[in-house]
Amino acid sequence: MRNPQLNKNGELQHLLSLDGLPLSILGAILDIAAPFTEVAEREVKKLPLLRGKSVFNLFFENSTRTRTTFEIAAKRLSADVINLNVSTSSTKKGETLLDTIDNLCAMQADMFVVRHESSGAPYLIADHLHATGRNHIHVINAGDGRHAHPTQGLLDMYTIRHFKKEFHNLIVVVVGDVLHSRVARSQLAALTTLGVPEVRVVGPRTLLPTDVERLGVRVCHDMNEGLRDADVVMMLRLQNERMNGALLPSPQEYFKVWGLTPEKLALAKPNAIVMHPGPMNRGVEIDSTVADGGQAVILPQVTFGIAVRMAVMSMLAGN
Amino acid sequence: MRNPQLNKNGELQHLLSLDGLPLSILGAILDIAAPFTEVAEREVKKLPLLRGKSVFNLFFENSTRTRTTFEIAAKRLSADVINLNVSTSSTKKGETLLDTIDNLCAMQADMFVVRHESSGAPYLIADHLHATGRNHIHVINAGDGRHAHPTQGLLDMYTIRHFKKEFHNLIVVVVGDVLHSRVARSQLAALTTLGVPEVRVVGPRTLLPTDVERLGVRVCHDMNEGLRDADVVMMLRLQNERMNGALLPSPQEYFKVWGLTPEKLALAKPNAIVMHPGPMNRGVEIDSTVADGGQAVILPQVTFGIAVRMAVMSMLAGN
Amino acid sequence: MRNPQLNKNGELQHLLSLDGLPLSILGAILDIAAPFTEVAEREVKKLPLLRGKSVFNLFFENSTRTRTTFEIAAKRLSADVINLNVSTSSTKKGETLLDTIDNLCAMQADMFVVRHESSGAPYLIADHLHATGRNHIHVINAGDGRHAHPTQGLLDMYTIRHFKKEFHNLIVVVVGDVLHSRVARSQLAALTTLGVPEVRVVGPRTLLPTDVERLGVRVCHDMNEGLRDADVVMMLRLQNERMNGALLPSPQEYFKVWGLTPEKLALAKPNAIVMHPGPMNRGVEIDSTVADGGQAVILPQVTFGIAVRMAVMSMLAGN
Numbered sequence: 029m030r031n032p033q034l035n036k037n038g039e040l041q042h043l044l045s046l047d048g049l050p051l052s053i054l055g056a057i058l059d060i061a062a063p064f065t066e067v068a069e070r071e072v073k074k075l076p077l078l079r080g081k082s083v084f085n086l087f088f089e090n091s092t093r094t095r096t097t098f099e100i101a102a103k104r105l106s107a108d109v110i111n112l113n114v115s116t117s118s119t120k121k122g123e124t125l126l127d128t129i130d131n132l133c134a135m136q137a138d139m140f141v142v143r144h145e146s147s148g149a150p151y152l153i154a155d156h157l158h159a160t161g162r163n164h165i166h167v168i169n170a171g172d173g174r175h176a177h178p179t180q181g182l183l184d185m186y187t188i189r190h191f192k193k194e195f196h197n198l199i200v201v202v203v204g205d206v207l208h209s210r211v212a213r214s215q216l217a218a219l220t221t222l223g224v225p226e227v228r229v230v231g232p233r234t235l236l237p238t239d240v241e242r243l244g245v246r247v248c249h250d251m252n253e254g255l256r257d258a259d260v261v262m263m264l265r266l267q268n269e270r271m272n273g274a275l276l277p278s279p280q281e282y283f284k285v286w287g288l289t290p291e292k293l294a295l296a297k298p299n300a301i302v303m304h305p306g307p308m309n310r311g312v313e314i315d316s317t318v319a320d321g322g323q324a325v326i327l328p329q330v331t332f333g334i335a336v337r338m339a340v341m342s343m344l345a346g347n
Numbered sequence: 029m030r031n032p033q034l035n036k037n038g039e040l041q042h043l044l045s046l047d048g049l050p051l052s053i054l055g056a057i058l059d060i061a062a063p064f065t066e067v068a069e070r071e072v073k074k075l076p077l078l079r080g081k082s083v084f085n086l087f088f089e090n091s092t093r094t095r096t097t098f099e100i101a102a103k104r105l106s107a108d109v110i111n112l113n114v115s116t117s118s119t120k121k122g123e124t125l126l127d128t129i130d131n132l133c134a135m136q137a138d139m140f141v142v143r144h145e146s147s148g149a150p151y152l153i154a155d156h157l158h159a160t161g162r163n164h165i166h167v168i169n170a171g172d173g174r175h176a177h178p179t180q181g182l183l184d185m186y187t188i189r190h191f192k193k194e195f196h197n198l199i200v201v202v203v204g205d206v207l208h209s210r211v212a213r214s215q216l217a218a219l220t221t222l223g224v225p226e227v228r229v230v231g232p233r234t235l236l237p238t239d240v241e242r243l244g245v246r247v248c249h250d251m252n253e254g255l256r257d258a259d260v261v262m263m264l265r266l267q268n269e270r271m272n273g274a275l276l277p278s279p280q281e282y283f284k285v286w287g288l289t290p291e292k293l294a295l296a297k298p299n300a301i302v303m304h305p306g307p308m309n310r311g312v313e314i315d316s317t318v319a320d321g322g323q324a325v326i327l328p329q330v331t332f333g334i335a336v337r338m339a340v341m342s343m344l345a346g347n
Numbered sequence: 029m030r031n032p033q034l035n036k037n038g039e040l041q042h043l044l045s046l047d048g049l050p051l052s053i054l055g056a057i058l059d060i061a062a063p064f065t066e067v068a069e070r071e072v073k074k075l076p077l078l079r080g081k082s083v084f085n086l087f088f089e090n091s092t093r094t095r096t097t098f099e100i101a102a103k104r105l106s107a108d109v110i111n112l113n114v115s116t117s118s119t120k121k122g123e124t125l126l127d128t129i130d131n132l133c134a135m136q137a138d139m140f141v142v143r144h145e146s147s148g149a150p151y152l153i154a155d156h157l158h159a160t161g162r163n164h165i166h167v168i169n170a171g172d173g174r175h176a177h178p179t180q181g182l183l184d185m186y187t188i189r190h191f192k193k194e195f196h197n198l199i200v201v202v203v204g205d206v207l208h209s210r211v212a213r214s215q216l217a218a219l220t221t222l223g224v225p226e227v228r229v230v231g232p233r234t235l236l237p238t239d240v241e242r243l244g245v246r247v248c249h250d251m252n253e254g255l256r257d258a259d260v261v262m263m264l265r266l267q268n269e270r271m272n273g274a275l276l277p278s279p280q281e282y283f284k285v286w287g288l289t290p291e292k293l294a295l296a297k298p299n300a301i302v303m304h305p306g307p308m309n310r311g312v313e314i315d316s317t318v319a320d321g322g323q324a325v326i327l328p329q330v331t332f333g334i335a336v337r338m339a340v341m342s343m344l345a346g347n
């Protein structure tokens, strides 16, 4: 079966998911991202790699933060960026997703950054572009339903590599609502590909997928056991809509059991790093002392996120 | 009487309507648009013609699609583009339309792209600029009420010329809700100016203007009769708000009588082209087989639309 | 106590308020703004002073007009501008203001233009940047609660200097809802700093602060007395929410007593200028004959506003 993310030369054609992305490409993205972190520290944070290209931020689901990171990345590469908040637009007028895509392609789009509430929407777009022979147009998944958020996963891997150098000797723990998290799905896929020997997922039974052990990860329903000797602790955001629903008693009780406090963090290795995809719910999944403490690398994650997105965009534009 | 669209040298000053636009200027826009279609296929889709100019997309009525086409056109000409969704802005604060315009002029606007729910609003603005001696500022009508949508009409003419080469030997048919359509009004004006010998409008009595024959067009209340031997079939979008109102029984019944199916299209000339301004209601005014078929030129219309808007903007900036 | 607006060399670090801004810096901004008014009249309205810088328009309170002026100023300085309407964004997701700021800093922001409904929010951000050692990032207050709107005050001072040359011989009158006006607060601070010998505030008792005389200004509850022999008449906008509340009988009665008509204006000096921060309520605080008359300098205010904002941004970027 054709890998929809690769072109016929095996190069990156679209970034849809970290699941199924070959190690060689995953590693290449991280390598290419490194010099882009330096661009961001220059006086003139601008490179001409996407000059004259039209990048469409196609957000069928609102997300100012994610849209902003892609907008910055594209503008620093000198692209023309068009923001489309599609929920308030043509779909209301009865147009199909693929008709919208066809129209934007006809306006000579070069790249689509797609956020969609339905899992698989970016795949549908990529398949359609392939079927209609428009292989010069690229798709980046900026989060689809519960499925994937690959640039988040990539920036997480970049962050781990930056602070831990190697993957082959790590214990990495993912804590929280794995069941509903596209971020977690992307993280687990990448950690597996990069050869992390021990990955643990930690959380209440109601928020862990039933089949998660099939992914080769260890499941812990005990926070202390899960954190013990960890090198990397990746906290997940607890979505507001879960907090008072059937799955959880209350944010306070969640924090008591699953919130990351200095005491719990002390069970991990002394030099363990703490990550969070943001935006944080302080006092729900993470204590402020930890969030602002010396082991947190949450803001470097954001910085690396711009560099990783610039890397993906410039790779796609070059292929 | 002064033609508000022309300056004292007879050059294009504003683009407000295709009704009253001289053939020489209409033809010049189409000629100038041609090389811009090639720009869009380059690696670097960028020309410096509007560099340092400030283009304001003044949308008093929301339309992401139309705004996007103008935003792309202006950015490819290197303009600074400012998007103003005015419905959510100063008008709510009690400011008059002309006070808003005066303010934006004072910010050294060079060009206004205006979409407004009231017919005539762009004229009001153009008259005001004239009366106050600000002849270096240009207005493009991006759709006003039921009145006009001249860039849509221009891209339609560009599309017809591209596929049919000449206008003087054509039978052109406009099908649907002509009564409420600013697109149709612009199309009919341009087709007349360009010398199309036979223009037909086809649709239910409730959706055709009563005085349409005065425009020199032939009225058909029978779809088969209307389509017979046509060279160009221009479908109109059926607005959602008409579908369940007093004017029409239901979308299904509309489709049965007025929807363009392969069977009905077979009545036209074998090489007839099918056009639609988008967004399409598949299964209402047009069948998917036709929309995706070999005779449809709906996506080239979109591509030509960018080129035509670049042509209009660069002409205005040069005059 | 440290002046949060100045860096350790006494240069402008943030623009938060005109209250406490030294005369030398206030004068420098006005001087630097002058050549920027000429840029706006060029064919190519573009300077490379902020090229490669990322300017974030952080609007926690919606204001299309103010956002537009900053967006234009930044784009004419070649910055990359990112518009964030934060009310519809992360704050809804429970993120704190300072977490939002930390995140944007991690994306290598160079400048924040902040509008916030709470007085003091820009100070909070500036303090946080100082406390965390991020002194290369600058904050411009674009209006906070009832507290300050310093760029509006600066453009008003620029306008007065432009038309009156000197400040030391002027009678300046501020008319209207001083109590709720951040604009008035910024004006009064600047007029005092610039050495205007007589400043009067005029308005109904319910709309003047009780302690206003402490600011060294003269309070008048009589419009005729207030306007007599004035050189500059600065009208304030009457917020819609005041018009039918407990503080005022009705817009019509307000206009009768406090609205600026030609008759009342005749009490001022013959060459007095009339200013308004916009958007105007014609027939409420100002008569159309005055607003459109020869003494009004309301549109020059807008033009100078772009230049003043370019001056502030380029000064900050240079320090």
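Protein sequences, first through last, are from chains A, B and C. FYI, in this note's numbering the residues of the first sequence are 29 to 347. FYI, in this note's numbering the residues of the second sequence are 29 to 347. FYI, in this note's numbering the residues of the third sequence are 29 to 347. Glycine included, C-beta positions come from ideal geometry on N, C-alpha and C.
**Request:** Check C:N111 in the structure and name its three-state DSSP category.
**Result:** strand
**Message:** If you measure between the beta carbons of A:S214 and A:L46, is that distance less than 9 Å?
**Reply:** yes
**Message:** So, at 6 Å on beta carbons, what are the nonlocal neighbours of C:A218 in its own chain, with the 5 sequence-adjacent residues on each side left out?
**Reply:** L46, G181 and M185
**Request:** Tell me B:S82's beta-bridge partners as DSSP assigns them.
**Result:** B:D108
**Asked** What distance in whole Å lies between the Cβ atoms of A:S209 and A:L264, which are believed to be in contact at a cut-off of 8 Å?
**Response** 5 Å
**Request:** Flag B:G306 as yes when its Cβ comes closer than 8 Å to any non-hydrogen atom of the ligand SAH, and as no otherwise.
**Result:** The model depicted lacks the ligand SAH and carries no ligand whatsoever.
**Item:** Same chain only: Cβ atoms within 8 Å of A:R228, ignoring 5 sequence neighbours per side
**Value:** I199, V200, V201, V202, V245, R246, V247, C248, G254 and A258
**Request:** Using the DSSP secondary-structure output, state which residues sit across from B:L288 in a beta bridge.
**Result:** B:I314
**Item:** Rounded distance between the beta-carbons of C:Q329 and C:T220, thought under 8 Å
**Value:** With a Cβ gap of about 20 Å, C:T220 and C:Q329 do not count as contacting.
**Item:** chain B contact for A:A134 (CB, 9 Å cutoff)
**Value:** yes
**Message:** Can you tell me where the beta strand (DSSP E) holding B:I168 begins and where it ends?
**Reply:** H166 to D172
**Request:** Rounded to whole angstroms, what's the CA-CA distance from A:L132 to A:E123? Just pull it up for me.
**Result:** 13 Å
**Prompt:** The beta strand (DSSP E) with C:M341 in it runs from where to where?
**Reply:** Where C:M341 is concerned, there is no enclosing beta strand (DSSP E), although the alpha helix (DSSP H) it sits in stretches over I326 to G346.
**Test: C:N131 CB closer than 9 Å to a CB of chain A** = yes
**Asked** Using a Cβ cut-off of 8 Å, which residues of the region 55-89 of chain C contact any Cβ in chain B, in chain order?
**Response** A68, E69, R70, E71, V72, K73 and K74
**Message:** One question on the structure: do A:I326 and A:I100 come within less than 9 Å of each other, judged by their Cβ atoms?
**Reply:** no
**Request:** Identify each residue in the region 105-116 of chain B for which the Cβ-Cβ distance to at least one residue of chain C is less than 8 Å, and report them in chain order.
**Result:** D108, I110, L112, N113, V114 and T116
**Request:** Determine the chain C residues that contact B:E123 at a beta-carbon separation under 7 Å, and present them in chain order.
**Result:** P307 and M308
**Prompt:** Are there three or more Cβ pairs, one per stretch, closer than 8 Å when the region 73-87 of chain A is compared with the region 67-83 of chain B?
**Reply:** yes
**Item:** For A:L293, three-class secondary structure by DSSP
**Value:** helix
**Item:** Cβ shell of C:K292 (< 8 Å), same chain only, five flanking positions each side left out
**Value:** M251, N252 and L255
**Per-residue contacts from C:D127 into chain D (C-beta, under 7 Å)** = No chain D appears in the structure shown, which is made up of the protein chains A, B and C.
**Message:** Just to check my reading of the structure: C:F87 and C:V114 have Cβ atoms closer than 8 Å, yes? What is that Cβ distance to the nearest angstrom?
**Reply:** 7 Å
**Request:** Please report how far the alpha carbon of C:P63 lies from the alpha carbon of C:G55, in whole angstroms.
**Result:** 14 Å
**Prompt:** So which residues on chain C does A:E269 lean against when the C-beta distance must stay under 9 Å?
**Reply:** Neighbours of A:E269 on chain C: none; closest Cβ ~11 Å, over 9 Å.
**Prompt:** Quick one: Cα of B:G173 to Cα of B:A149, how far?
**Reply:** 9 Å
**Item:** Pick from B:A324, B:E241, B:H304 and B:S342 that is closest to B:P298, judged by C-alpha positions
**Value:** B:A324
**Environment of B:N31 [buried if 16+ CB atoms lie within 10 Å]** = exposed
**Message:** Pull the bridge partners of B:I301 from the DSSP assignment, please.
**Reply:** B:V260
**Item:** N- and C-terminal bounds of the alpha helix (DSSP H) containing C:M271
**Value:** N268 to M271
**Collapsed DSSP secondary structure at B:V201 in the structure displayed** = strand
**C:H42 - DSSP class collapsed to helix/strand/coil** = coil
**Request:** Use the C-beta contact count for C:H196: other C-beta atoms within 10 angstroms, 16 or more gives buried, fewer gives exposed.
**Result:** exposed
**Listed by chain order, chain B residues near C:E99 by CB distance under 7 Å** = I110
**Asked** Between B:R104, B:S147, B:M303 and B:S146, which lies nearest to B:F191 when the distance is taken from Cα to Cα?
**Response** B:M303
**Contact set between A:I334 and chain C, taken where Cβ atoms lie within less than 8 Å** = M135 and Q136
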